[in-house]
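Just so you know, the protein sequences line up as chains A, B, C, D, E and F, in that order. Residue 1 is where the first sequence starts when you use the numbering used here, and the numbers rise one by one after that. Residue 101 is where the second sequence starts when you use the numbering used here, and the numbers rise one by one after that. Residue 201 is where the third sequence starts when you use the numbering used here, and the numbers rise one by one after that. Residue 301 is where the fourth sequence starts when you use the numbering used here, and the numbers rise one by one after that. Residue 401 is where the fifth sequence starts when you use the numbering used here, and the numbers rise one by one after that. Residue 501 is where the sixth sequence starts when you use the numbering used here, and the numbers rise one by one after that. Cβ coordinates follow ideal geometry from the N, Cα and C atoms, glycine included. Note sheet for the following structure.
There are 6 protein chains.
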Amino acid sequence: MKLSARNVIKGKVVKVTHGAVNSEVILEAAPGVQIVAIITRQSAESLNLAEGADAFAVVKASSVMIAVE
Amino acid sequence: MKLSARNVIKGKVVKVTHGAVNSEVILEAAPGVQIVAIITRQSAESLNLAEGADAFAVVKASSVMIAVE
Amino acid sequence: MKLSARNVIKGKVVKVTHGAVNSEVILEAAPGVQIVAIITRQSAESLNLAEGADAFAVVKASSVMIAVE
Amino acid sequence: MKLSARNVIKGKVVKVTHGAVNSEVILEAAPGVQIVAIITRQSAESLNLAEGADAFAVVKASSVMIAVE
Amino acid sequence: MKLSARNVIKGKVVKVTHGAVNSEVILEAAPGVQIVAIITRQSAESLNLAEGADAFAVVKASSVMIAVE
Amino acid sequence: MKLSARNVIKGKVVKVTHGAVNSEVILEAAPGVQIVAIITRQSAESLNLAEGADAFAVVKASSVMIAVE
Numbered sequence: 001m002k003l004s005a006r007n008v009i010k011g012k013v014v015k016v017t018h019g020a021v022n023s024e025v026i027l028e029a030a031p032g033v034q035i036v037a038i039i040t041r042q043s044a045e046s047l048n049l050a051e052g053a054d055a056f057a058v059v060k061a062s063s064v065m066i067a068v069e
Numbered sequence: 101m102k103l104s105a106r107n108v109i110k111g112k113v114v115k116v117t118h119g120a121v122n123s124e125v126i127l128e129a130a131p132g133v134q135i136v137a138i139i140t141r142q143s144a145e146s147l148n149l150a151e152g153a154d155a156f157a158v159v160k161a162s163s164v165m166i167a168v169e
Numbered sequence: 201m202k203l204s205a206r207n208v209i210k211g212k213v214v215k216v217t218h219g220a221v222n223s224e225v226i227l228e229a230a231p232g233v234q235i236v237a238i239i240t241r242q243s244a245e246s247l248n249l250a251e252g253a254d255a256f257a258v259v260k261a262s263s264v265m266i267a268v269e
Numbered sequence: 301m302k303l304s305a306r307n308v309i310k311g312k313v314v315k316v317t318h319g320a321v322n323s324e325v326i327l328e329a330a331p332g333v334q335i336v337a338i339i340t341r342q343s344a345e346s347l348n349l350a351e352g353a354d355a356f357a358v359v360k361a362s363s364v365m366i367a368v369e
Numbered sequence: 401m402k403l404s405a406r407n408v409i410k411g412k413v414v415k416v417t418h419g420a421v422n423s424e425v426i427l428e429a430a431p432g433v434q435i436v437a438i439i440t441r442q443s444a445e446s447l448n449l450a451e452g453a454d455a456f457a458v459v460k461a462s463s464v465m466i467a468v469e
Numbered sequence: 501m502k503l504s505a506r507n508v509i510k511g512k513v514v515k516v517t518h519g520a521v522n523s524e525v526i527l528e529a530a531p532g533v534q535i536v537a538i539i540t541r542q543s544a545e546s547l548n549l550a551e552g553a554d555a556f557a558v559v560k561a562s563s564v565m566i567a568v569e
């Protein structure tokens, strides 16, 4: 499946925390670059996300803001 | 200003494309890791975003999806 | 690729309108059920989206609101 | 009230799961077409969402991605 | 129609700028409090949004971030 | 840090509710104008959000819808 999302970033799962409805997944995309996702718990479980798994962070370009110092 | 957004990723602007209302900004966070943002043109102009500028991509964790192969 | 997005809805593209930065894509998921997406023009072009194409609308569950009459 | 959201899809609630802060609501828009929403628990309760209720899924067009096989 | 969105803020339209696909709408919710929305041009036109019109800004709670100084 | 988000609205925290993964934060921007945010619990804790704290609601313009009566 090919996605319109412009941001598909490869990484490795470093932490998964489950809540009742949502789960927090932390992905390491590169040394020092971590990406945090909140997805439904059902998705986290159905994707078998666990520490060490290969995964992608997917972000629609319109969800990205830019900041400058 | 300290933000609740869990994802604040440092990079360098590599391309800016302006539309009438929105602009597309491409940031390089690491070699081979590019992040694309669609922001309003007024924001792009007021932040002086141009090729070579230092900037951060900011993404709320709830806007991030996860995919696996 | 398997996605955490809970909503992956199959349909057929019925209209594509291009702007400078964004494109509007209308998908028919079922008779009388149309879904409208705004994606970047580059994505629309790279996915070869045109009238009649098979495609999926993908929506993260946290982006869906509920309304009642 | 008339909304700018381009996607307002009629359906019937088939499942509600409550967490501490958020609730997951599954709506059936057509046979085989289910839409999942994560909304705050307070909203789910104030809208009296329960199995069998008529409801609408509301999605802003900029939150919809497109995928092709 | 009653919405799950927790933020429905009353205001007056102070400016509308049209692009090919999207329009930018600025609403004044209170003296000194302006809210900017990017919606599809078709929505802006079908809602007859123009300077001086009464309108509401609608924002899902999961789309709001918090910042502190 | 200067943000591309067009909506940065000053207020005072009036309520914080914690879930396992997410927290709900209610900000009062003006008398009668409250803004509700769902952020990760870790963000709420790291920003020391508590009743009475000064804070800003930050919303990307593309996340704002418009409604009219």
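C-alpha distance - residue i paired with residue j, whole-angstrom precision
i        : j        : result
Lys560/F : Ser62/A  : 9 angstroms
Ala37/A  : Ala130/B : 20 angstroms
Gln42/A  : Gln342/D : 21 angstroms
Met165/B : Asp454/E : 36 angstroms
Met401/E : Val68/A  : 40 angstroms
Thr422/E : Ile335/D : In the sequence as displayed, the identity of residue 422/E is Asn instead of Thr. Going from the Cα of Asn422/E to the Cα of Ile335/D covers about 26 angstroms.
Val425/E : Asn48/A  : 42 angstroms
Leu27/A  : Lys15/A  : 7 angstroms
Ala320/D : Ala520/F : 7 angstroms
Lys12/A  : Asn107/B : 16 angstroms
Val258/C : Glu545/F : 32 angstroms
Ile209/C : Thr117/B : 31 angstroms
Thr184/B : Phe556/F : Given that chain B is displayed from residue 101 to residue 169, the structure contains no residue 184/B and the question cannot be resolved.
Residue i: contacting residues in chain E (beta-carbon distance under 8 angstroms)
i        : result
Ser223/C : Val421
Lys115/B : Here the premise fails: no neighbours, minimum Cβ distance about 19 angstroms.
Residue i burial status per 10 Å Cβ neighbour count (16 or more: buried)
i        : result
Gly432/E : exposed
Ala550/F : exposed
Ser4/A   : buried
Ala552/F : In the sequence as presented, Ala is not what sits at residue 552/F; that position holds Gly. The residue in question, Gly552/F, is exposed, as its Cβ has fewer than 16 Cβ neighbours within 10 Å.
Where the beta strand (DSSP E) through residue i begins and ends
i        : result
Glu169/B : No beta strand (DSSP E) contains Glu169/B, which DSSP labels as neither H nor E.
Gly119/B : Looking at the DSSP string, Gly119/B is not in any beta strand (DSSP E), and its letter there is neither H nor E.
Ala355/D : 354-359
Cross-chain neighbours of residue i in chain F, by beta carbon under 7 angstroms
i        : result
Leu303/D : Met565, Ala567
Per-residue contacts from residue i into chain C (C-beta, under 8 angstroms)
i        : result
Ser446/E : Going along chain C, no residue has its Cβ under 8 angstroms from Ser446/E, so there is no contact; the nearest lies around 12 angstroms.
First through last residue of the alpha helix (DSSP H) which encompasses residue i
i        : result
Glu445/E : 441-446
Cross-chain neighbours of residue i in chain A, by beta carbon under 7 angstroms
i        : result
Lys560/F : Met65
Chain-ordered chain F contacts of residue i [CB-CB under 9 angstroms]
i        : result
Ile139/B : Ser504, Ala505, Arg506, Lys560, Ala561, Ser562
Chain-ordered neighbours of residue i on chain A, where CB pairs are closer than 8 angstroms
i        : result
Ala150/B : The premise fails here: Ala150/B is roughly 11 angstroms from chain A at the closest Cβ pair, so nothing lies under 8 angstroms.
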